[in-house]
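These notes concern the structure reproduced below.
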Amino acid sequence: MKKIFAVLFLISALGFKAQYGTINAILDRLEEKKGLNKNLSNVVIDDVKFVLIKDFDDHIERNFIIIKGNLATYVEVFDDKKTGDTSSNVFSGDVVRSKNQILSLRADELEGKKLPLPITKTFLMTQQKKILYLIDINTKERWIEERALNKK
């Protein structure tokens, strides 16, 4: 009788471990798809360029953020669809990265001239399939790492 209980207990324990492993693998895949709950403190973002492209009826906006250490350059490029003209604004400033994947950008110069009111952006840094993304906390826009675009 004791042997039957021991065998049944052993079989049920193995079944529970298999189910736990499967559930844990599914949860890991879901977290990877979301890109959240990852520790990205060891990811180096020096010399990384992030891109955001917005297509409107009359123009296309291309925005870039280039990070070099604690300095950042924020570039806005506007392409007019009717005339084909291109104009740009180049902002420079600094960036602060916190321990929990939050990135704060403060651009206080426009092409070398001080701005009375700096441009500030706050991002949540995520990673999906080894590609870095910045999610603007206020607008929910997703900035993608430029090297991911150049692969395709």
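The sequence shown begins at 13 in this note's numbering and counts up one residue at a time.
Each residue gets a CB set at the ideal place from its N, CA and C atoms; glycine is no exception.
Neighbourhood of residue i by C-beta distance below 6 angstroms, restricted to the same chain and skipping five residues each side
{"i": "T151", "result": "none"}
{"i": "T98", "result": "D91"}
{"i": "V89", "result": "R74 and S100"}
{"i": "I65", "result": "R74"}
Beta-carbon gap between residue i and residue j smaller than 8 angstroms
{"i": "V87", "j": "V107", "result": "no"}
{"i": "R109", "j": "L115", "result": "yes"}
{"i": "F62", "j": "E153", "result": "no"}
{"i": "I131", "j": "I143", "result": "no"}
{"i": "D120", "j": "K133", "result": "no"}
{"i": "V55", "j": "Q139", "result": "yes"}
{"i": "F135", "j": "L146", "result": "yes"}
Sheet register partners of residue i (DSSP bridge)
{"i": "L83", "result": "K80 and D106"}
{"i": "T138", "result": "Y145"}
{"i": "K133", "result": "L117"}
Backbone secondary structure at residue i - three-state DSSP
{"i": "E121", "result": "strand"}
{"i": "K14", "result": "helix"}
{"i": "E211", "result": "Outside the modelled stretch of the chain, which goes from 13 to 164, sits residue 211, for which no answer is possible."}
{"i": "N162", "result": "helix"}
{"i": "D92", "result": "strand"}
{"i": "V55", "result": "coil"}
{"i": "D69", "result": "coil"}
Sequence-distant residues of the same chain with beta carbon closer than 7 angstroms to residue i, five excluded per side
{"i": "D58", "result": "I79, K80 and G81"}
{"i": "E123", "result": "V102"}
{"i": "L137", "result": "For the record, residue 137 in the displayed sequence is Met; it is not Leu. Here the set comprises L52, Q113, L115, L144 and L146."}
8 angstroms contact criterion, which residue i and residue j should meet: CB distance rounded
{"i": "K94", "j": "D70", "result": "7 angstroms"}
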